[in-house]
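The block underneath contains the structure these notes are about, expressed in structure tokens.
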Amino acid sequence: MPQSSNAPRFSLRLIGRCAALALALWVPAVAHAQPAAPDKSYLKVTEPLGGDFALRGYPQSQLREILFREKTYRPLNAVEFIHVKALGPKQDGQPILMAVSNDFMGVGTILIAVQNGTPLARVLSPTVDIRDPDMGLAQPGRQDLLLFTAGSRALVTSTGQVLWFEHARPKEYVHGTPLLVSVSPDNRTGALLLDNEIRLSRAGAGAYAAVPFTKRMQSDAFKTLWDESSQAAKKALDAGQRIDQRRLYANLKAAWINRNFTWHEGQDGWRLQGRGLTSAPLPALSSTTSRQEQ
Amino acid sequence: MSPFTFSFVPRIAACAAVVLLAGCAGSADVYERHVRTEDANAADVVLTLDVAFAQAPDYDPKTNVYGGPAKPGSSRQATPERVEYSGYPSIDVPFYQKGIGFDLGVVGDPRALLALPYPSPTTRTTSAHLRIFGARRDATHYRFVVLPRQGWTSYQSFRVSFAVNGRREGMTFSYSDKLVCDSAFDVTTPTYGFGMSVAASFPGGKPGCLKACDERPGYPGYCAFGADVASVLAK
Numbered sequence: 001m002p003q004s005s006n007a008p009r010f011s012l013r014l015i016g017r018c019a020a021l022a023l024a025l026w027v028p029a030v031a032h033a034q035p036a037a038p039d040k041s042y043l044k045v046t047e048p049l050g051g052d053f054a055l056r057g058y059p060q061s062q063l064r065e066i067l068f069r070e071k072t073y074r075p076l077n078a079v080e081f082i083h084v085k086a087l088g089p090k091q092d093g094q095p096i097l098m099a100v101s102n103d104f105m106g107v108g109t110i111l112i113a114v115q116n117g118t119p120l121a122r123v124l125s126p127t128v129d130i131r132d133p134d135m136g137l138a139q140p141g142r143q144d145l146l147l148f149t150a151g152s153r154a155l156v157t158s159t160g161q162v163l164w165f166e167h168a169r170p171k172e173y174v175h176g177t178p179l180l181v182s183v184s185p186d187n188r189t190g191a192l193l194l195d196n197e198i199r200l201s202r203a204g205a206g207a208y209a210a211v212p213f214t215k216r217m218q219s220d221a222f223k224t225l226w227d228e229s230s231q232a233a234k235k236a237l238d239a240g241q242r243i244d245q246r247r248l249y250a251n252l253k254a255a256w257i258n259r260n261f262t263w264h265e266g267q268d269g270w271r272l273q274g275r276g277l278t279s280a281p282l283p284a285l286s287s288t289t290s291r292q293e294q
Numbered sequence: 001m002s003p004f005t006f007s008f009v010p011r012i013a014a015c016a017a018v019v020l021l022a023g024c025a026g027s028a029d030v031y032e033r034h035v036r037t038e039d040a041n042a043a044d045v046v047l048t049l050d051v052a053f054a055q056a057p058d059y060d061p062k063t064n065v066y067g068g069p070a071k072p073g074s075s076r077q078a079t080p081e082r083v084e085y086s087g088y089p090s091i092d093v094p095f096y097q098k099g100i101g102f103d104l105g106v107v108g109d110p111r112a113l114l115a116l117p118y119p120s121p122t123t124r125t126t127s128a129h130l131r132i133f134g135a136r137r138d139a140t141h142y143r144f145v146v147l148p149r150q151g152w153t154s155y156q157s158f159r160v161s162f163a164v165n166g167r168r169e170g171m172t173f174s175y176s177d178k179l180v181c182d183s184a185f186d187v188t189t190p191t192y193g194f195g196m197s198v199a200a201s202f203p204g205g206k207p208g209c210l211k212a213c214d215e216r217p218g219y220p221g222y223c224a225f226g227a228d229v230a231s232v233l234a235k
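Heads up: the sequence lines are chains A and B, in that order. So the first sequence is numbered by our numbering: it starts at 1 and just counts up by one. So the second sequence is numbered by our numbering: it starts at 1 and just counts up by one.
Structure representation (structure tokens):
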């Protein structure tokens with residue numbers, strides 16, 4: 001009786017094993033038979049950016065094209081961007097964008113705002129550097145102001161307003177390159193660091209005053225900043241990155257001026273004070289002194 | 001006459017006309033061609049642009065005359081007289097011309113003296129400019145006219161170039177006389193942020209469209225790719 005009952009039980013077990021084996025062999029076959037989700041990473045994807053703006057690019061690439069109403073928008077004829085960000089404020093119902101172009105056909109850091117239904121670009125920084133793009137220096141003590149020191153421009157991020165300050169007076173030759181180091185609290189006046197002074201300039205009206213922050217004082221004050229920038233550049237190079245040490249040095253100078261000088265409003269415009277110095281109105285420009293002696 | 005031949009014959013005629021008219025590619029200008037708005041022939045005007053600048057642009061007009069008839073006693077040859085203006089706001093209008101040029105192809109091996117050179121026709125595009133200086137109304141108000149150039153096709157765009165205290169600035173616009181939009185607006189320039197308010201009018205009081213556009217760096221008067229009026233209005 002046990003013999004007779006054992007035989008069918010054995011065969012049942014065998015069938016069970018065979019079925020399990022068959023199932024094990026069959027399951028991958030089923031998985032293969034179902035169409036696998038195709039790899040779409042070679043296709044460009046579009047992501048909205050707010051308003052009528054969108055970004056398009058390959059998912060595995062950093063580079064993005066800007067679309068405006070589903071058509072490629074080429075600000076200053078640049079095509080691809082390594083960084084595009086919508087700032088908070090809007091103009092003409094469309095967001096204001098800050099973008100950094102790729103180095104091919106590059107235009108540097110730009111601001112895109114819609115004027116009269118047309119997106120138009122403005123240059124913030126002409127630096128074309130995708131390893132260390134110029135994203136501006138947040139002015140110490142200000143939440144919403146980015147300084148682009150080399151081009152004498154600043155961006156008010158809360159309104160999208162671009163400021164530019166003239167350092168030279170009409171027909172005046174100024175030796176050296178100005179650096180925009182600080183903007184007054186009302187965004188109407190900028191302080192520009194020149195070789196031998198800090199000039200104060202009103203937007204749309206030009207330079208009107210100067211702080212006698214001379215070459216000697218500058219070299220004393222900025223010595224440590226140069227060492228700091230060179231240490232930072234060395235550290236970055238050891239970490240396999242490249243940074244623009246010249247721009248870092250300029251930004252450190254701007255930060256130092258903001259820590260050491262303060263803006264005061266007077267009856268004849270803003271004054272800059274600090275380090276025992278104060279701004280004085282520029283002398284009247286005569287034809288003989290139009291070439292500034294350094 | 002069947003409708004087929006009715007539509008076919010003018011098409012062949014048009015094709016033949018195109019082939020006949022497509023001459024050799026013109027050569028680009030050696031010198032800039034300058035015109036003053038005051039000297040423009042009113043019948044030629046394509047567009048009149050009134051500009052009010054927020055800050056008075058530099059105004060120091062200069063006229064230079066080059067060439068002219070040979071002077072007695074001088075070794076200089078007689079050349080066509082050419083006048084150039086400078087020192088005040090102007091517009092830069094680019095043009096192009098498509099024509100047939102020839103590339104030289106070679107059959108065979110040039111080293112074996114068995115080569116046969118042959119001309120192979122290709123299309124050539126050449127470009128030219130016209131610089132039109134504005135008419136000054138007062139320190140901040142200027143009027144410009146856009147003019148055509150004989151034998152050249154316009155890109156339908158131009159750049160208003162001016163300087164404020166020596167800072168050179170330009171704003172590029174595209175226009176169309178086929179499409180309609182509001183052609184009077186305020187705009188801020190790209191480099192230094194100078195404000196300007198522009199109003200375009202088309203000859204005969206016809207409607208048209210003027211739009212600001214991004215420039216192509218290095219190509220004055222050209223809009224960035226895809227920024228012409230038709231593309232912008234299609235958005």
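For glycine and all other residues, C-beta sits at the position ideal for the given N, C-alpha and C.
Length of the line joining the Cα atoms of residue i and residue j
i	j	result
residue 42 of chain A	residue 58 of chain A	7 Å
residue 61 of chain A	residue 40 of chain A	14 Å
residue 185 of chain A	residue 262 of chain A	10 Å
residue 134 of chain A	residue 154 of chain A	12 Å
residue 137 of chain A	residue 49 of chain B	40 Å
residue 185 of chain B	residue 264 of chain A	38 Å
residue 273 of chain A	residue 213 of chain A	11 Å
residue 178 of chain A	residue 74 of chain A	30 Å
residue 47 of chain B	residue 88 of chain A	38 Å
residue 182 of chain A	residue 103 of chain B	59 Å
residue 148 of chain A	residue 72 of chain B	60 Å
residue 163 of chain A	residue 142 of chain A	15 Å
residue 88 of chain B	residue 144 of chain B	12 Å
residue 40 of chain B	residue 134 of chain B	11 Å
residue 227 of chain B	residue 94 of chain B	15 Å
residue 282 of chain A	residue 203 of chain A	16 Å
residue 95 of chain A	residue 68 of chain A	11 Å
residue 105 of chain B	residue 91 of chain A	55 Å
residue 158 of chain A	residue 144 of chain A	6 Å
residue 77 of chain A	residue 114 of chain A	16 Å
residue 192 of chain A	residue 123 of chain A	19 Å
residue 75 of chain B	residue 151 of chain B	34 Å
Same chain, Cβ closer than 7 Å to residue i, neighbours up to 5 away in sequence not counted
i	result
residue 249 of chain A	225, 226, 229
residue 280 of chain A	209, 210
residue 31 of chain B	82
residue 195 of chain A	175, 176, 215, 294
residue 221 of chain A	256
residue 61 of chain B	85, 87, 88
Cβ neighbours of residue i in the same chain (closer than 6 Å, five flanking residues each side left out)
i	result
residue 216 of chain B	222, 224
residue 53 of chain B	140, 196
residue 116 of chain B	107, 108
residue 1 of chain B	For residue 1 of chain B, the pLDDT reaches just 42, beneath the cut-off of 50, and the residue's location in the model is therefore unreliable, leaving the point undetermined.
residue 119 of chain A	68, 73, 112
Member of the options whose CA lies at the smallest distance from the CA of residue i
i	options	result
residue 154 of chain B	B:130, B:62, B:116	B:130
residue 67 of chain B	B:185, B:206, B:77, B:39	B:77
residue 180 of chain A	A:114, A:109, A:258	A:258
residue 56 of chain B	B:109, B:141, B:92, B:115	B:141
residue 90 of chain B	B:147, B:205, B:227	B:147
residue 217 of chain A	A:78, A:116, A:198	A:198
residue 311 of chain A	A:269, A:64, A:91, A:55	In the structure as shown, chain A starts at 1 and stops at 294, and residue 311 of chain A therefore has no counterpart that could be examined.
residue 56 of chain A	A:45, A:260, A:49	A:45
residue 223 of chain A	A:236, A:85, A:256	A:256
residue 43 of chain B	B:230, B:204, B:208, B:232	B:204
residue 253 of chain A	A:99, A:139, A:125, A:50	A:139
residue 38 of chain B	B:70, B:51, B:27, B:137	B:137
residue 271 of chain A	A:63, A:207, A:51	A:207
residue 152 of chain A	A:36, A:187, A:166	A:166
Chain-order list of residues whose beta-carbon lies under 8 Å from that of residue i (same chain, five-residue window excluded)
i	result
residue 244 of chain A	127, 129, 132, 134
residue 180 of chain B	207, 208, 209
residue 36 of chain B	85, 132, 133, 135
Residue-level contact to chain C via CB, residue i, 7 Å cutoff
i	result
residue 170 of chain A	Within the model displayed, chain C is absent; protein chains A and B are what it includes.
Subject >> Cβ pair count under 8 Å reaching 3, the region 122-141 of chain B against the region 85-102 of chain B >> reply: Segment contact: the region 122-141 of chain B against the region 85-102 of chain B, three or more CB-CB distances shorter than 8 Å; contact assigned.
Subject >> Residues from the region 198-215 of chain B in contact with chain A, defined by Cβ distance under 8 Å >> reply: Along the region 198-215 of chain B, the positions whose C-beta sits under 8 Å from a C-beta of chain A are 211, 212, 213, 214, 215, read in chain order.
**OP:** Using a Cβ-Cβ cut-off of less than 9 Å, list which residues of the region 118-151 of chain B approach chain A; keep chain order.
**Re:** From the region 118-151 of chain B, no residue has a Cβ closer than 9 Å to chain A.
Original post:
Listed in chain order, which residues of the region 150-172 of chain B have Cβ atoms closer than 8 Å to some Cβ of chain A?
Top reply: The region 150-172 of chain B vs chain A, Cβ under 8 Å: 165, 166, 167.
**OP:** Compile a chain-ordered list of the residues in the region 64-77 of chain A whose CB is closer than 8 Å to at least one CB of chain B.
**Re:** Those residues of the region 64-77 of chain A that come within reach of chain B (Cβ to Cβ, closer than 8 Å) are 68, 69, 70, 71, 72, 73, 74, 75, 76, 77.
Subject >> Residues within the region 109-124 of chain A neighbouring chain B, beta-carbon criterion of under 7 Å >> reply: Correct list: 115, 116, 118, 120, 121, 122, 123.
Subject >> At least three beta-carbon pairs within less than 8 Å, the region 183-203 of chain B to the region 158-168 of chain B >> reply: Between the region 183-203 of chain B and the region 158-168 of chain B there are three or more C-beta pairs closer than 8 Å, enough to call the two in contact.
**OP:** For the region 131-163 of chain A, enumerate the residues whose C-beta is nearer than 7 Å to any C-beta of chain B, in chain order.
**Re:** Listed in sequence order: 162.
Subject >> Members of the region 196-214 of chain A near chain B, C-beta cut-off 8 Å >> reply: Those would be 204, 206, in chain order.
**OP:** Mind checking the region 74-105 of chain A against chain B and listing, in chain order, the residues whose C-beta falls within less than 7 Å of any C-beta there?
**Re:** Under the 7 Å Cβ criterion, the region 74-105 of chain A contributes 74, 75, 76, 77.
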